[in-house]
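Asker: FYI, in this note's numbering the residues of the sequence shown are 155 to 316.
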Amino acid sequence: AKMQAEQEMIAAQEASKQAQAEQELAAVQEAAKQAQAEKELEEARQQAEKELEEAKLQAEKELEDARQQAEKELEEAKHQAEQEMIAAQEAAKQAQAELELEEQKRLAEIEESTEKFVPDLPPPQGSESLPPPVEQQSIGKLPIIIGGGLVIAAGLAAVFLI
């Protein structure tokens, strides 16, 4: 009976050891699962950080490209406005020159018509002499005023374009 009790005790101890080993194995397996989950979580976090950094770099590159494109377009617009302003100034100069030429032609025609010989008429009866001829004033400043107005208009147009 003593031997049987010892065997039962040994069997109980073995069963206890086996149960404890199984518990330890389960605990180790659970710890391994938790460690694996933590490792996967860390890898996912690192991957997300990497993707975020790549997205940030891509966004910065796109922003810089857009800024450079905007600067290029602004420079092109300024250049075009300058060209249009120069063209407007040239057109104003051309118009001024044409106005001056027309004025010169008109004045030449007036001078020609005044230089034509008109025979003297006898003074009317009862008057002693004719009144002195009236001198015409030249309107030579008109083309200058018109040309100045055109230059100012061209300048204002260029300012509004810029």
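Each residue gets a CB set at the ideal place from its N, CA and C atoms; glycine is no exception.
Using the C-alpha atoms, what's the distance from Q223 back to K247?
Answerer: Within the sequence shown, the letter at position 93 stands for residue 247. Within the sequence shown, the letter at position 69 stands for residue 223. Cα to Cα, the separation comes out at about 36 Å.
Asker: Specify whether the segment 226–234 and the segment 296–307 touch according to this definition: at least 3 beta carbon pairs, one from each stretch, less than 8 Å apart.
Answerer: no
Asker: With the cut-off set at 9 Å, would you say A235 and L315 are in Cβ contact?
Answerer: For the purposes of this step, residue 235 is taken as the residue at position 81 of the sequence shown. For the purposes of this step, residue 315 is taken as the residue at position 161 of the sequence shown. Against a cut-off of 9 Å, the Cβ pair of L315 and A235 comes out as a contact.
Asker: For A180, which three-state DSSP category applies?
Answerer: The count along the sequence shown starts at 1 and reaches residue 180 at position 26. Residue state, collapsed to three classes: helix.
Asker: Pop quiz: A311 and A251 are said to be a contact at Cβ under 8 Å. What is the actual Cβ separation, rounded to whole angstroms?
Answerer: For the purposes of this step, residue 311 is identified with residue 157 of the sequence shown, where counting begins at 1. For the purposes of this step, residue 251 is identified with residue 97 of the sequence shown, where counting begins at 1. In fact, because the Cβ distance is near 20 Å, the residues do not count as touching under 8 Å.
Asker: So G301 and A249 are in contact, right, with Cβ under 8 Å, and what is the actual spacing, rounded?
Answerer: Working through the sequence shown from its first residue, we reach residue 301 at position 147. Working through the sequence shown from its first residue, we reach residue 249 at position 95. Approximately 7 Å separates the beta-carbon atoms of G301 and A249; this is inside 8 Å, confirming the contact.
Asker: Indicate the three-state DSSP secondary structure (helix, strand or coil) for A155 in the structure shown.
Answerer: Here the question's residue 155 lines up with position 1 in the sequence shown. DSSP places A155 in coil when its eight states are reduced to three.
Asker: For A189, collect the residues of the same chain with a Cβ closer than 6 Å to its Cβ; drop the 5 residues on either side in sequence, then sort them by chain order.
Answerer: Taking the first residue of the sequence shown as 1, we reach residue 189 at position 35. Closer than 6 Å at the Cβ level, and outside the excluded window around A189, lies no residue.
Asker: Pull up the CB-CB distance for L253 and P297, whole angstroms please, since I reckon it's below 8 Å.
Answerer: On the sequence shown, position 99 is the one that residue 253 refers to. On the sequence shown, position 143 is the one that residue 297 refers to. Right, the Cβ-Cβ distance comes to about 4 Å (below 8 Å), so this counts as a contact.
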